[in-house]
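Below: the structure, in structure tokens.
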Amino acid sequence: MVKRTSFERDDCPIARSLDAIGDWWSILIIREAFFGVSRFSEFQKKLGLAKNILTVRLRALVDQGILKTAPASDGSAYQEYLLTPKGRGVFPILVALRQWSEEFDAHPEEIATILVDKEKGRPVRKLELYSQDGRLLGAGDTTLKPRLAGKQSKRAYS
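Take the sequence shown: its letter number 117 is residue 117 in UniProt numbering, and every next letter is one higher.
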């Protein structure tokens, strides 16, 4: 088995976030948790994931503080995996991935669902990035600058 490189100490926040949620099984587990899936057997059934892989991914998501374990809400001896505030913070990332796929997928007509506002039943607007003064920003409108004096970043998005 190949050991995965850890980015937890990388100076890039994108690399650090990928260290926590960067494999597809973790993202799909988090997606299912947003749909209300909370038990090991439910995750396995929904994702068709081998027990050993699911065990490792759930443990990692708990260790990262994205999920927490709790006694089953029905009083049974099982435990549930629940999203933490950090886990709920992944929601905009999932929406961005979904919207990117809806826009660029080779066969968008095969996507079975659309994301809608639960109250109004209308499709959710595309995520956009705005400056503090309200201007719509694209990648060319942003750059990176050092957080601390003397610490230079080698990365830029423009």
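The beta carbon of each residue, even a glycine, is placed where N, CA and C say it ideally should be.
For this session: Kindly indicate which residue of R59, I93, E32, V56 has the alpha-carbon position closest to the one of L47.
Result: Sequence index remark: in the sequence shown, residue 47 carries index 47 (1-based). Ranking R59, I93, E32, V56 by Cα distance to L47 puts E32 first.
For this session: Determine the DSSP secondary structure at Q132, reduced to helix, strand or coil.
Result: One-based indexing of the sequence shown puts residue 132 at position 132. Q132: coil per DSSP, three-state reduction.
Problem set entry | Residues near K68 in its chain [Cβ-Cβ closer than 6 Å; skip 5 each side] | Mapped onto the sequence shown, residue 68 falls at position 68. If we look at K68 and ignore the five residues flanking it on each side, its Cβ neighbours are L82, T84.
Exercise. Quick one: Cα of V124 to Cα of I111, how far?
Worked result: For the purposes of this step, residue 124 is taken as the residue at position 124 of the sequence shown. For the purposes of this step, residue 111 is taken as the residue at position 111 of the sequence shown. In a straight line, the C-alpha of V124 is about 16 Å away from that of I111.
Problem set entry | Inter-residue Cα distance where the pair is R16 and P92 | In the sequence shown, the residue the question calls residue 16 occupies position 16. In the sequence shown, the residue the question calls residue 92 occupies position 92. Taking the straight line from one Cα to the other gives about 17 Å.
Exercise. So what's residue 168 in DSSP terms, helix, strand or just coil?
Worked result: There is simply no residue 168 to check, as the chain begins at 1 and stops at 158 in what is shown.
Exercise. In or out: E80 buried (at least 16 other Cβ within 10 Å) or exposed?
Worked result: As a working mapping, residue 80 is identified with position 80 in the sequence shown. That one is buried.
For this session: Kindly provide the ranges of any alpha helix (DSSP H) runs that are 4 or more residues long and lie completely inside the UniProt domain "HTH hxlR-type" (12-109), ordered along the chain.
Result: 13-21, 24-34, 40-47, 51-63, 85-88, 91-104
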